[in-house]
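Note that my numbering numbers the sequence shown so that position 220 is 255, with each residue one more than the last. C-beta atoms are modelled at their ideal positions from N, C-alpha and C, and glycine is treated no differently. Remember, predicted model here, so these are calculated numbers, not experimental data. Here's the structure we're looking at; comments come further down.
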Amino acid sequence: MKSLTSLLGWAFLLAVLAVPSFLFYNWWEKSRQQASAEMTQEAAPADIFPSSEKSRPAPPPAGPGKGTPQPPAASERPGAQPAPEPAPQQPPLISSAPVQPAPSAAGALKTGPVPAQPRLVSYYRPKSDRDPTFSPEDYSRLKEAELRRLEAEEQRRLAESRKPKEPAFESRLRLQGIIGTAAIINGEMYSAGQTINGAKILKVGSNYIIGEYKGRKFRKVLR
36 MKSLTSLLGW AFLLAVLAVP SFLFYNWWEK SRQQASAEMT QEAAPADIFP
86 SSEKSRPAPP PAGPGKGTPQ PPAASERPGA QPAPEPAPQQ PPLISSAPVQ
136 PAPSAAGALK TGPVPAQPRL VSYYRPKSDR DPTFSPEDYS RLKEAELRRL
186 EAEEQRRLAE SRKPKEPAFE SRLRLQGIIG TAAIINGEMY SAGQTINGAK
236 ILKVGSNYII GEYKGRKFRK VLR
(Lines of atoms letter the chains of each structure in order from A and count residues from 1; the text may use other names and numbers.)
(Lines give C-alpha, C1' and ligand atoms only; values in the text may rest on other atoms or scores of the structure.)
Protein backbone atom coordinates (compact mmCIF):
# COMPACT_ATOMS: atom_id res chain seq x y z
CA MET A 1 0.00 0.00 0.00
CA LYS A 2 2.79 2.41 0.89
CA SER A 3 4.70 1.59 -2.29
CA LEU A 4 1.66 2.36 -4.39
CA THR A 5 1.20 5.69 -2.70
CA SER A 6 4.83 6.62 -3.20
CA LEU A 7 4.66 5.68 -6.84
CA LEU A 8 1.60 7.83 -7.34
CA GLY A 9 3.37 10.72 -5.63
CA TRP A 10 6.42 10.42 -7.79
CA ALA A 11 4.26 10.19 -10.91
CA PHE A 12 2.37 13.36 -9.92
CA LEU A 13 5.63 15.17 -9.25
CA LEU A 14 7.02 14.18 -12.63
CA ALA A 15 3.83 15.34 -14.35
CA VAL A 16 3.99 18.66 -12.57
CA LEU A 17 7.65 19.18 -13.58
CA ALA A 18 7.11 18.01 -17.16
CA VAL A 19 4.55 20.70 -18.03
CA PRO A 20 6.84 23.73 -17.34
CA SER A 21 9.75 21.94 -18.98
CA PHE A 22 7.75 21.39 -22.14
CA LEU A 23 6.55 25.00 -22.22
CA PHE A 24 10.10 26.31 -21.70
CA TYR A 25 11.42 24.08 -24.51
CA ASN A 26 8.80 25.35 -26.97
CA TRP A 27 9.60 29.02 -26.09
CA TRP A 28 13.34 28.46 -26.44
CA GLU A 29 12.97 26.74 -29.85
CA LYS A 30 10.83 29.57 -31.24
CA SER A 31 13.31 32.17 -30.01
CA ARG A 32 16.24 30.35 -31.65
CA GLN A 33 14.47 30.10 -35.01
CA GLN A 34 13.51 33.80 -34.94
CA ALA A 35 17.10 34.84 -34.15
CA SER A 36 18.55 32.71 -36.99
CA ALA A 37 16.07 34.25 -39.47
CA GLU A 38 17.04 37.79 -38.49
CA MET A 39 20.75 36.99 -38.89
CA THR A 40 20.12 35.59 -42.39
CA GLN A 41 18.29 38.76 -43.49
CA GLU A 42 21.08 41.00 -42.21
CA ALA A 43 23.79 38.97 -44.02
CA ALA A 44 22.11 39.21 -47.51
CA PRO A 45 23.14 42.48 -49.46
CA ALA A 46 20.26 44.78 -50.19
CA ASP A 47 19.48 45.82 -53.77
CA ILE A 48 20.45 49.43 -54.27
CA PHE A 49 18.91 49.79 -57.69
CA PRO A 50 15.42 48.54 -58.53
CA SER A 51 14.90 45.91 -61.25
CA SER A 52 13.64 48.47 -63.78
CA GLU A 53 16.86 50.47 -63.50
CA LYS A 54 18.99 47.35 -63.97
CA SER A 55 17.34 46.44 -67.28
CA ARG A 56 17.81 49.97 -68.80
CA PRO A 57 20.90 50.25 -71.10
CA ALA A 58 23.67 52.69 -70.17
CA PRO A 59 23.74 55.99 -72.12
CA PRO A 60 26.51 56.41 -74.75
CA PRO A 61 29.55 58.53 -73.80
CA ALA A 62 29.26 62.23 -74.51
CA GLY A 63 31.29 63.28 -77.60
CA PRO A 64 31.49 66.21 -79.97
CA GLY A 65 28.31 65.80 -81.91
CA LYS A 66 26.54 67.91 -84.45
CA GLY A 67 23.66 68.80 -82.25
CA THR A 68 25.73 70.04 -79.38
CA PRO A 69 26.88 73.67 -79.79
CA GLN A 70 30.56 74.15 -79.13
CA PRO A 71 31.97 77.38 -77.70
CA PRO A 72 34.13 79.39 -80.14
CA ALA A 73 37.88 78.94 -79.92
CA ALA A 74 40.00 81.42 -78.13
CA SER A 75 41.53 82.57 -81.46
CA GLU A 76 38.11 83.35 -82.93
CA ARG A 77 37.08 85.51 -79.99
CA PRO A 78 37.21 89.28 -80.54
CA GLY A 79 40.14 91.11 -79.04
CA ALA A 80 39.74 91.80 -75.37
CA GLN A 81 39.01 95.44 -74.74
CA PRO A 82 41.15 97.12 -72.06
CA ALA A 83 39.37 97.81 -68.82
CA PRO A 84 38.45 101.48 -68.44
CA GLU A 85 40.65 103.44 -66.09
CA PRO A 86 38.95 104.35 -62.83
CA ALA A 87 37.88 107.95 -62.65
CA PRO A 88 40.10 110.05 -60.36
CA GLN A 89 38.48 110.51 -57.03
CA GLN A 90 38.23 114.01 -55.73
CA PRO A 91 39.65 114.61 -52.26
CA PRO A 92 37.03 115.16 -49.60
CA LEU A 93 36.07 118.77 -49.18
CA ILE A 94 37.36 120.30 -45.98
CA SER A 95 34.98 122.71 -44.38
CA SER A 96 36.44 126.19 -43.96
CA ALA A 97 34.30 126.85 -40.92
CA PRO A 98 36.36 126.99 -37.71
CA VAL A 99 36.02 124.03 -35.44
CA GLN A 100 34.18 124.96 -32.32
CA PRO A 101 35.73 123.43 -29.23
CA ALA A 102 33.48 121.29 -27.15
CA PRO A 103 32.26 123.08 -24.07
CA SER A 104 34.17 121.97 -21.07
CA ALA A 105 32.55 120.94 -17.86
CA ALA A 106 33.92 124.00 -16.08
CA GLY A 107 32.59 126.36 -18.78
CA ALA A 108 29.20 124.71 -18.73
CA LEU A 109 28.76 125.79 -15.17
CA LYS A 110 27.44 129.25 -14.49
CA THR A 111 30.11 131.70 -13.38
CA GLY A 112 27.83 133.89 -11.33
CA PRO A 113 28.79 135.42 -8.00
CA VAL A 114 29.37 132.92 -5.26
CA PRO A 115 26.72 133.33 -2.57
CA ALA A 116 28.08 134.49 0.73
CA GLN A 117 28.24 131.87 3.41
CA PRO A 118 25.98 132.56 6.36
CA ARG A 119 27.79 133.67 9.47
CA LEU A 120 27.75 131.25 12.31
CA VAL A 121 26.18 132.79 15.37
CA SER A 122 26.79 131.33 18.79
CA TYR A 123 23.91 131.67 21.20
CA TYR A 124 25.97 130.45 24.14
CA ARG A 125 26.05 133.01 26.92
CA PRO A 126 28.03 132.00 30.00
CA LYS A 127 26.48 133.02 33.30
CA SER A 128 29.86 134.09 34.66
CA ASP A 129 33.18 135.25 33.24
CA ARG A 130 35.05 133.25 35.85
CA ASP A 131 37.78 131.02 34.46
CA PRO A 132 37.07 127.45 35.60
CA THR A 133 40.81 126.71 35.65
CA PHE A 134 41.34 129.20 38.53
CA SER A 135 40.60 128.27 42.11
CA PRO A 136 38.98 130.70 44.60
CA GLU A 137 42.41 131.27 46.17
CA ASP A 138 43.80 132.29 42.78
CA TYR A 139 40.98 134.77 42.31
CA SER A 140 41.54 136.28 45.75
CA ARG A 141 45.26 136.74 45.03
CA LEU A 142 44.51 138.37 41.69
CA LYS A 143 42.01 140.70 43.30
CA GLU A 144 44.48 141.76 45.99
CA ALA A 145 47.18 142.40 43.37
CA GLU A 146 44.75 144.58 41.38
CA LEU A 147 43.86 146.58 44.49
CA ARG A 148 47.52 147.17 45.30
CA ARG A 149 48.16 148.35 41.74
CA LEU A 150 45.25 150.82 41.91
CA GLU A 151 46.46 152.15 45.26
CA ALA A 152 49.99 152.66 43.91
CA GLU A 153 48.66 154.59 40.92
CA GLU A 154 46.56 156.78 43.19
CA GLN A 155 49.55 157.54 45.42
CA ARG A 156 51.69 158.47 42.43
CA ARG A 157 48.99 160.77 41.07
CA LEU A 158 48.64 162.53 44.41
CA ALA A 159 52.40 162.96 44.71
CA GLU A 160 52.58 164.54 41.28
CA SER A 161 49.74 166.91 42.10
CA ARG A 162 51.46 167.99 45.35
CA LYS A 163 54.86 168.46 43.70
CA PRO A 164 55.59 172.19 43.17
CA LYS A 165 55.54 173.13 39.53
CA GLU A 166 58.74 174.33 37.94
CA PRO A 167 58.51 178.08 37.32
CA ALA A 168 58.55 179.30 33.75
CA PHE A 169 61.97 179.98 32.28
CA GLU A 170 61.19 183.63 31.52
CA SER A 171 60.58 184.22 35.24
CA ARG A 172 64.30 183.73 35.81
CA LEU A 173 65.17 186.47 33.33
CA ARG A 174 65.17 190.07 34.46
CA LEU A 175 64.77 192.51 31.60
CA GLN A 176 66.42 195.70 32.91
CA GLY A 177 66.46 197.88 29.81
CA ILE A 178 66.71 198.12 26.04
CA ILE A 179 69.31 200.16 24.19
CA GLY A 180 68.81 200.19 20.44
CA THR A 181 68.90 196.57 19.25
CA ALA A 182 70.34 195.23 22.50
CA ALA A 183 68.65 194.30 25.74
CA ILE A 184 70.04 194.36 29.25
CA ILE A 185 69.17 190.99 30.85
CA ASN A 186 70.39 190.08 34.31
CA GLY A 187 72.96 192.90 34.12
CA GLU A 188 74.42 191.91 30.71
CA MET A 189 73.87 193.04 27.14
CA TYR A 190 72.28 190.56 24.65
CA SER A 191 71.18 191.02 21.06
CA ALA A 192 69.10 188.85 18.72
CA GLY A 193 70.69 185.47 17.96
CA GLN A 194 72.58 185.19 21.27
CA THR A 195 71.75 182.64 24.01
CA ILE A 196 71.37 183.02 27.77
CA ASN A 197 71.08 180.01 30.12
CA GLY A 198 70.09 177.76 27.18
CA ALA A 199 67.49 180.20 25.81
CA LYS A 200 67.93 181.90 22.43
CA ILE A 201 67.01 185.55 21.88
CA LEU A 202 64.95 185.72 18.71
CA LYS A 203 63.94 189.40 18.64
CA VAL A 204 64.58 192.59 20.62
CA GLY A 205 61.69 195.02 20.48
CA SER A 206 61.16 198.53 21.80
CA ASN A 207 60.07 197.32 25.22
CA TYR A 208 60.13 193.50 24.98
CA ILE A 209 62.11 190.51 23.85
CA ILE A 210 61.06 187.21 22.25
CA GLY A 211 63.02 184.08 23.01
CA GLU A 212 62.85 180.27 22.66
CA TYR A 213 63.63 177.66 25.31
CA LYS A 214 63.39 173.89 24.68
CA GLY A 215 61.17 174.43 21.65
CA ARG A 216 58.77 176.74 23.48
CA LYS A 217 58.65 180.45 22.64
CA PHE A 218 58.22 183.07 25.35
CA ARG A 219 57.90 186.84 25.55
CA LYS A 220 59.40 189.10 28.24
CA VAL A 221 58.12 192.68 28.62
CA LEU A 222 60.11 195.55 30.17
CA ARG A 223 58.46 196.83 33.36
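Per-residue burial, residue i [other beta carbons within 10 Å of its own, 16 or more giving buried]
| i | result |
| --- | --- |
| Y158 | exposed |
| Y225 | buried |
| G222 | exposed |
| K255 | buried |
| A218 | buried |
| V239 | buried |
| L208 | buried |
| G250 | exposed |
| G246 | buried |
Residue i versus residue j - alpha carbon distance
| i | j | result |
| --- | --- | --- |
| R191 | I214 | 49 Å |
| S41 | F47 | 10 Å |
| R184 | K178 | 10 Å |
| Y248 | E189 | 32 Å |
| L39 | L49 | 15 Å |
| P242 | L257 | Contrary to the premise, residue 242 reads as Asn rather than Pro in this sequence. Cα-Cα distance, rounded: 5 Å. |
| L52 | K65 | 21 Å |
| W62 | Q69 | 11 Å |
| A151 | R160 | 26 Å |
| L43 | E73 | 46 Å |
| K200 | E186 | 24 Å |
Selection from the options that minimises the alpha carbon distance to residue i
| i | options | result |
| --- | --- | --- |
| I236 | N242, F253, L193 | F253 |
Proximity of residue i and residue j at Cβ, strictly below 8 Å
| i | j | result |
| --- | --- | --- |
| L193 | I244 | no |
| F204 | A234 | yes |
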